[in-house]
Amino acid sequence: MENTEIDSKINMVERKIGRSSNLELLRILAIIMIIAHHYSVHGGWDIPNELSYNRIIVQFLSLGGKLGVNCFVLITGYFMINSKFNIKKFAKIVGQVFFYSVVIMLIFKLFGISHIGIRETAESFFPIIFSKYWFATTYVELYILSPYLNKLINYCTQKENKILITILIVVLSVIPTFSNSLLEIDNLSWFVFLYLVASYIRKYRHKFFDKTKLLLVIFTSSYILIMFSVVILDVLSLRINDFPIDPTFLREMNSLPMLICSISLFLYFKKLDIGSKKIINSISSTTFGIYLIHDNNLVRSYLWEHIAKNNSFYNSRWLSLHAIITISLVFFICMVIEGARINFIGKPAMKFWDKEIESKFLNKSRNYIDRSFSQHISN
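Count the sequence shown with the numbering used here and you get residues 325 to 703, in order.
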């Protein structure tokens with residue numbers, strides 16, 4: 325059964341009372357998990373080959389990053405299936421990435437924080453093209469493809485969509501998980517797959533999608549499985565020379581347990597009824613900016629190795645507290661910076677777009693194309 329009529333009613337209600345905050349809350353949780361992941365994988369750790377409490381903590385912190393990425397893409401697919409390609413939104417995304425890439429480069433260059441050569445300077449002005457942020461580049465590519473993906477989803481029957489998704493699960497997740505080849509899957513292919521999954525969830529109703537208690541059990545069980553796998557594989561890798569499997573390989577975004585985790589968590593939050601909370605929606609609007617600030621290629625090592633000094637806490641009993649405080653501070657400080665950018669740069673820029681570019685250029689261009697096309701048809 326399709327959700328077209330239900331979605332139109334939901335959209336009308338959301339316009340009147342504001343967007344529901346359930347999936348916005350998931351965005352916030354996702355970015356916190358991503359920050360924790362970066363705390364772990366970019367910390368510059370000097371980890372000895374022995375099993376310890378702090379070793380497990382560092383590895384556990386890394387597990388939620390790709391879960392957060394999956395949730396972001398699922399949310400995108402869920403909302404985009406009923407949307408059209410919007411040049412203003414596209415420009416907003418690209419402009420946001422450009423802003424942080426250039427501003428951060430200039431700050432590091434002017435204050436001599438690190439040496440920045442001509443190549444690095446030039447690439448900072450084209451962050452999407454040179455993949456300065458892998459997620460942002462793949463996200464922009466997905467956004468460009470979204471109109472064609474929507475056509476595919478709407479053209480296919482429910483059965484055909486189900487078969488397509490099943491085939492992609494096997495090819496992109498099941499086989500790589502059991503053949504230890506998770507990292508060989510292209511990011512864009514995975515994003516397209518998640519987009520199709522979320523679109524299917526939005527387009528068709530299924531009783532399973534509404535079983536919140538079961539979804540929570542599935543999510544918890546899958547996540548615990550991933551955590552246990554870290555400990556077990558840690559023990560094996562320390563006892564067996566040249567052990568072929570990384571202890572945290574199930575944390576990859578296309579591993580089967582992580583896929584199950586991601587979809588079940590997304591479905592759980594989709595059914596969460598918390599109404600529309602302005603504070604949640606406001607914080608959620610800063611999440612992409614939080615990512616762009618703290619995971620900039622110049623900021624990354626400087627933040628975790630020189631400011632937070634992660635490695636100096638590896639042998640400390642205060643590592644867990646250090647992680648909590650550092651992750652919280654990164655989230656809060658980046659949120660404030662992005663909030664300021666939205667209010668003082670983003671909103672004025674969008675007003676300028678509406679007044680100058682949209683009304684004076686884009687609308688005239690559309691009218692010219694429409695007139696030319698009409699004249700061609702009449703002739």
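For each residue, glycine too, the CB sits at the ideal point set by N, CA and C.
If you check the CB distance, residue 385 and residue 647 come in under 9 Å. Annotation: the continuous alpha helix (DSSP H) that includes residue 395 extends over 389-404.
The C-alpha of residue 433 lies about 6 Å from the C-alpha of residue 440. Annotation: residue 530 to residue 539 spans about 13 Å, alpha carbon to alpha carbon.
Contact between residue 634 and residue 458 fails: their C-beta atoms lie close to 22 Å from each other, not under 8 Å. For residue 484, the enclosing alpha helix (DSSP H) stretches over residues 482-493. DSSP places residue 478 inside the alpha helix (DSSP H), whose first and last residues are 458-479. In the three-state DSSP reduction, residue 642 falls in the coil class, being neither helix nor strand. Per DSSP, reduced to three states, the secondary structure at residue 665 is helical. Counted as a single uninterrupted DSSP element, the stretch harbouring residue 504 is not any alpha helix (DSSP H), since DSSP gives it neither H nor E.
In the displayed model, residue 373 falls within coil according to three-state DSSP, outside both helix and strand. Per the coordinates, the alpha-carbon of residue 592 lies some 20 Å from the alpha-carbon of residue 575. Each of 549, 571, 551 was checked against the Cα of residue 559, and the nearest Cα belongs to 571. Comparing C-alpha distances from residue 418 to each of 507, 554, 451 shows the shortest one belongs to 451. Between residue 378 and the set 631, 533, 636, the nearest pair of CA atoms involves 636.
Residue 673 sits in a helix when the DSSP states are folded into three classes.
Annotation: residue 644 to residue 478 spans about 48 Å, alpha carbon to alpha carbon. Taken through DSSP and simplified to helix, strand or coil, residue 576 comes out as coil.
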